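Before any comments, here is the structure.
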Amino acid sequence: MNFAVLQFPGSNCDQDVVHVLRNVLGHSARLLWHKDSSLGEADAVIVPGGFSYGDYLRTGAIARFSPVMDAVQRFAADGGLVLGICNGFQILCEAGLLPGALIRNRSLQFRCEHTFLKTATADSSFTSRIPPDKLLRVPIAHGEGCYFADEETLARLKANHQILWRYVTAQGEPTEAANPNGSLDNIAGICNEQRNVAGLMPHPERASELILGCADGRLVFESMIHALVGKPVALAT
Amino acid sequence: MKAKIVITPKKAVLDPQGKTVQNALALMGYTGVGAVHVGKYLEIELTGADKDMASRQIAEACHKILSNPVIEDYRFEIE
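Note that the protein sequences, when read in sequence, are chains A and B.
Residues in the first sequence are numbered from 42 upward in steps of one, following the numbering used here.
Residues in the second sequence are numbered from 2 upward in steps of one, following the numbering used here.
Structure representation (structure tokens):
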């Protein structure tokens with residue numbers, strides 16, 4: 042599969058994502074500069090983590106107006122798979138591709154630690170390969186990862202099973218202590234209503250090889266690859 | 002002309018910065034201090050002379066990029 046990995050000024054997880062896709066999973070991955078207005082031949086897009094535009098104004102607020110994001114909007118509208126990780130999640134929310142917003146952690150601290158994630162549904166192109174009841178151990182590293190949405194949006198997310206991952210304890214309980222940033226309902230990641238765009242604050246690319254202590258993050262990328270295999274390859278514009 | 006824009010977190014949104022400042026003020030002995038809301042202040046210098054047009058443009062920019070309507074409110078004046 043051909044993955045396009047976006048690169049904004051201030052992205053810093055782009056190379057890690059490319060490494061995992063190419064060297065760990067054996068797929069093709071290419072970096073795409075934010076000024077590019079076309080995605081080329083891409084089967085899926087990853088918006089990686091970092092501090093695009095220095096997080097000025099708000100996280101993701103400026104990146105979402107980069108030329109490449111117009112191409113991502115069209116790609117997503119045509120049903121293409123888009124995954125935003127950390128700052129990528131923030132950018133997708135700012136771009137309106139995902140509902141809600143990510144605000145300052147409730148603790149006001151930058152949190153850099155491992156979390157346990159419980160997958161809420163296998164019914165998505167980002168979670169289908171995650172065994173039921175398996176907790177994923179994936180690190181976070183963010184200061185603004187507190188997921189917020191108004192009550193109506195949150196109710197819709199629940200009703201449509203758009204919540205993909207929640208922060209939980211090692212025993213799988215979504216307690217307040219397991220919530221590293223104050224996110225509503227312990228939300229760590231969501232998808233859009235059409236289920237082809239997803240975002241999460243934890244970094245699966247930092248937990249995709251056993252040498253790094255854990256390879257649970259691979260399951261997210263493997264789910265995407267599984268969803269793409271067998272599907273006709275759409276040419277992105 | 003100059004646009005003076007104030008952006009504040011919506012009431013329903015958790016404002017941990019405001020809460021922390023409020024606690025600090027209370028610790029310092031300031032009495033009668035209620036909820037604190039921490040927002041942003043922007044000043045934009047405008048080169049045009051048409052105040053109505055400037056007002057429309059600033060309102061649009063506030064909505065599109067300067068604030069996030071999901072979590073923030075804005076108000077501005079042009080002088």
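C-beta atoms are modelled at their ideal positions from N, C-alpha and C, and glycine is treated no differently.
Owing to the predicted nature of the structure, the values given are computational and were not obtained by experimental measurement.
For His155 (chain A): DSSP bridge partner residues = His155 (chain A) is bridged to A:Pro180.
Label Asp51 (chain B) either buried or exposed according to how many other C-beta atoms from any shown protein chain fall within 10 Å of its C-beta, with 16 as the threshold for buried.
-> Burial call: exposed.
From A:Phe167, A:Gln48, A:Ala190, A:Thr160, pick the residue whose C-alpha is nearest to that of Gly223 (chain A); which is it?
-> For Gly223 (chain A), the closest of A:Phe167, A:Gln48, A:Ala190, A:Thr160 by C-alpha to C-alpha distance is A:Ala190.
By DSSP, does Ile266 (chain A) sit in helix, in strand, or in coil?
-> Secondary structure of Ile266 (chain A) (DSSP, three-state): helix.
Is it true that the CB of Asp57 (chain A) sits closer than 8 Å to the CB of Glu246 (chain A)?
-> Glu246 (chain A) places its beta carbon less than 8 Å from that of Asp57 (chain A).
Per-residue DSSP class, three states only, for Asp119 (chain A) = For Asp119 (chain A), the three-state secondary structure derived from DSSP is coil.
Does the distance from the C-beta atom of Leu124 (chain A) to that of Ala239 (chain A) stay below 8 Å?
-> Contact check for Leu124 (chain A) against Ala239 (chain A) passes: the beta carbons are separated by less than 8 Å.
Proximity test, Pro140 (chain A) beta-carbon vs the ligand ATP heavy atom, cut-off 7 Å = Among the components modelled here there is no ligand, and therefore nothing to report on the ligand ATP.
Cβ pair count under 8 Å reaching 3, the region 116 to 130 of chain A against the region 76 to 93 of chain A = Touching, yes.
The beta strand (DSSP E) with Asn41 (chain A) in it runs from where to where?
-> The structure shown has nothing for residue 41 (chain A), since chain A only spans 42 to 278.
Sequence-distant residues of its chain with Cβ nearer than 7 Å to Arg170 (chain A) (five each side left out) | Spatial neighbours of Arg170 (chain A) in its own chain (CB-CB distance under 7 Å, excluding positions within 5 residues in sequence) are listed in chain order as Leu260, Glu263, Ser264, His267.
If we ignore side chains and look at the alpha-carbon of each, how far apart do Leu15 (chain B) and Leu67 (chain B) end up?
-> If you take the alpha carbons of Leu15 (chain B) and Leu67 (chain B), they lie about 19 Å apart.
Apart from the five residues on each side of it in sequence, which residues of its chain come closer than 6 Å, Cβ to Cβ, to His155 (chain A)?
-> Short of 6 Å from the beta carbon of His155 (chain A), and not among the five residues preceding or following it, lie these beta carbons of its own chain, in chain order: Arg178, Pro180.
Ile79 (chain B) - containing beta strand (DSSP E), residue span | Ile79 (chain B) -> beta strand (DSSP E) spans 73 to 79.
Within 10 angstroms of its Cβ, does Lys12 (chain B) collect 16 or more other Cβ (buried), or is it exposed?
-> Lys12 (chain B) counts as exposed, since fewer than 16 other beta carbons sit within 10 angstroms of its beta carbon.
Given 8 Å, three or more beta-carbon pairs between the region 227 to 244 of chain A and the region 200 to 213 of chain A = Three or more pairs of CB atoms, one per stretch, sit closer than 8 Å, so the region 227 to 244 of chain A contacts the region 200 to 213 of chain A.
Taking Ala13 (chain B) as the query, report the chain A residues whose CB atoms sit under 9 Å from its CB, ordered along the chain.
-> Residues of chain A passing the Cβ test: Phe189, Asp191, Glu192.
Assigned secondary structure, Cys199 (chain A) (DSSP; H/G/I helix, E/B strand, else coil) | One point to set straight first is that residue 199 (chain A) is Lys, not Cys, in the sequence displayed. Of the three classes helix, strand and coil, the one that applies to Lys199 (chain A) here is helix, per DSSP.
Counting only the same chain and skipping the five closest in sequence on each side, list residues whose C-beta sits under 7 Å from that of Tyr188 (chain A).
-> When the five nearest sequence neighbours on each side are left out, the beta carbons in the same chain lying within less than 7 Å of the beta carbon of Tyr188 (chain A) are those of Gly141, Leu143, Ser224, Leu225, Ile228, in order along the chain.
Short check: CB of Met242 (chain A) to CB of Cys127 (chain A), under 8 Å?
-> Taking 8 Å as the Cβ cut-off, Met242 (chain A) and Cys127 (chain A) qualify as a contacting pair.
For Val88 (chain A), three-class secondary structure by DSSP = Of the three classes helix, strand and coil, the one that applies to Val88 (chain A) here is strand, per DSSP.
Taking Cβ positions only, does Thr32 (chain B) come closer than 8 Å to chain A?
-> Not closer than 8 Å to any Cβ of chain A, the Cβ of Thr32 (chain B) fails to qualify, so no.
Beta-carbon of Gly90 (chain A) versus every beta-carbon of chain B: anything under 8 Å?
-> So no, Gly90 (chain A) is outside the interface.
Cβ of Thr21 (chain B) within 8 Å of any chain D Cβ = In the structure shown, chain D does not exist; the protein chains are A and B.
Nearest chain A C-beta to Ile59 (chain B) closer than 8 Å, yes or no?
-> No, because no Cβ of chain A sits closer than 8 Å to the Cβ of Ile59 (chain B).
Hey, would you say Leu149 (chain A) sits closer than 8 Å to Gln18 (chain B), going by beta carbons?
-> Contact annotation: Leu149 (chain A) and Gln18 (chain B) have beta-carbon atoms nearer than 8 Å.
Any Cβ of chain B within less than 8 Å of the Cβ of Gly121 (chain A)?
-> Gly121 (chain A) has a beta carbon lying at 8 Å or more from every beta carbon in chain B.
With a cut-off of 8 Å, does the C-beta of His60 (chain A) fall near any C-beta of chain B?
-> So no, His60 (chain A) is outside the interface.
Hey, quick one: how far does the alpha helix (DSSP H) through Ala25 (chain B) stretch, first residue to last?
-> First-last of the alpha helix (DSSP H) with Ala25 (chain B): 17 to 28.
Out of A:Ala112, A:Thr168, A:Phe157, A:Arg71, point me to the one whose CA is closest to Leu138 (chain A)'s CA.
-> Closest option to Leu138 (chain A), judged by alpha-carbon separation, among A:Ala112, A:Thr168, A:Phe157, A:Arg71: A:Ala112.
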